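Worksheet: one structure, shown below.
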Amino acid sequence: MKEKSKGLISKLPLVAANKSGWPWTRESIFVEASSYPRITIVTPSFNQGEFIEETIRSVLLQNYPNLEYIIIDGGSTDDSTSIIKKYEPWLTYWVSEQDKGQSHAINKGLQRATGELSAYLNSDDVLVESTLFAIAASYSNSDSDVFYGHAYITNAKSKIRSISTAQPFTLEHYKYGLHQINQPGSFWRHKAWQEIGAFNEENKTCMDGEFFLNLFHREYKFCRLDFPVSYFRIHMNSITGSDRSKLVYEQDHRRLLKTYCQDSNLSAIARIWMMMGYFFQRLISFRFILFRLQ
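Numbering (the numbering used here), first residue to last: 20 to 313.
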């Protein structure tokens, strides 16, 4: 296939002189093909002015020709809305108004979606360069319903600190706390979201996990991609990095285990291996906590 630059970077707002590389001064190369599936990305946003411009540019500078990009802001009081307005000509839709939280914002956006594939990218996370072309290629060559890959773990300064490797999704792994799907950069057939129903708006911390469990429980097909698709930012004000969210997460997680994993069985040896993996993951998470303030 013929490759060429679409030159969108020259049309977007200028960035500060100290910003360079992806997605500030570099863009994805457009891969010419006969057609592309429409992809809808929803960004829920609230007071993430420090990060949201990087998020927006990482979506737009994919140079993906059949993109639908929606931003649902919850009435931010920082400079988030002024940043969003700068990119308004390239957005399909955006709004800033009070909502009921992250899950509600995601649902509001997905209700407007017309794409074959959809996803949500939080306003502090970033897509890897050319991710949408890779997702489209995987979708076109598969009958799977969910597509997901690895994620670079970054801190508040966008420095890569580690990588979270995507794993095949199983109830047993989820039951014992092993991380399998990186939410940033996970995509699904939009009809699957329509069939399953909206994200649970009562779930404040792991709405993505509940969605994937629901899909898995109903035998939708998962496709693990063996390459990085996103930068997953962990910082003091993120759900993953905030101590304030730990108690709520544990409550949400226990409820999901009770609902979806009560019938999953493992041998004694398998349980030992799973628990070892669980504690290893906790050790890695501790490393993230050390890095998040740097």
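Think of the CB as a built atom: it goes at the ideal place given N, C-alpha and C, for glycine as much as any other residue.
This one's a predicted model, so the numbers in the text were calculated from it and none came from an experiment.
Cβ-Cβ separation, residue j to residue i (assumed contact under 8 Å), whole Å
i, j, result
"S248", "G204", "The identity of residue 248 in the sequence shown is Val, whereas the question assumes Ser. Right, their Cβ atoms sit about 3 Å apart."
"G168", "R57", "The pair is not a contact, with the Cβ atoms about 20 Å apart (cut-off 8 Å)."
"L151", "Q81", "4 Å"
"A170", "Y250", "7 Å"
"H123", "E214", "Their Cβ separation, rounded to whole angstroms, is 20 Å, which puts H123 and E214 out of contact at 8 Å."
Separation of residue j from residue i, as counted between CA atoms
i, j, result
"F235", "I200", "12 Å"
"N233", "N222", "13 Å"
"I172", "E73", "15 Å"
"T44", "N37", "10 Å"
"L33", "W41", "14 Å"
"H209", "S137", "5 Å"
"K178", "T184", "17 Å"
"Y239", "V165", "8 Å"
"F218", "M226", "6 Å"
"A211", "F231", "11 Å"
"E51", "T111", "22 Å"
"I182", "D144", "14 Å"
"N66", "Q117", "12 Å"
"R131", "N85", "15 Å"
"G26", "K176", "27 Å"
"S39", "R237", "44 Å"
"L31", "E229", "36 Å"
"K104", "F49", "25 Å"
"R180", "A35", "24 Å"
Exposure label - residue i; buried when at least 16 CB within 10 Å
i, result
"D97", "exposed"
"I244", "First, the amino acid is wrong: residue 244 is Leu here, not Ile. Under this definition L244 is a buried residue."
"A153", "buried"
"S142", "buried"
"F246", "exposed"
"Q121", "buried"
"T224", "buried"
"S29", "exposed"
Sequence-distant residues of the same chain with beta carbon closer than 6 Å to residue i, five excluded per side
i, result
"F305", "Unreliable positioning characterises F305 in this predicted model, as indicated by a pLDDT of 41, which lies under 50. A coordinate reading is not provided."
"S53", "none"
"L79", "W109"
"A155", "Y55, P56"
"S161", "C242"
"E148", "W41, S47"
"S95", "F65, N66"
"Q343", "The requested residue 343 is not part of the displayed model; the chain covers only 20 to 313."
Cβ shell of residue i (< 8 Å), same chain only, five flanking positions each side left out
i, result
"I102", "G68, I71, E72, I75"
"I206", "Inspection of the sequence shows that residue 206 is occupied by Phe rather than by Ile. Around F206: I58, L136, S137, A138, I154, Y158, V165, F166, Y167."
"E107", "W113"
Cut-off 7 Å between Cβ atoms - residues of its own chain near residue i, not counting five sequence neighbours on either side
i, result
"T100", "D92, S115"
"L140", "I60, T62, T74, V78, L146, P203"
"F188", "Q199, I200, F231, F235, F241"
"K119", "E220"
"S163", "K240, F241, C242"
### Query
Counting Cβ pairs, one atom from each stretch, are 3 or more of them under 8 Å apart for the stretch 88 to 102 and the stretch 116 to 128?
yes
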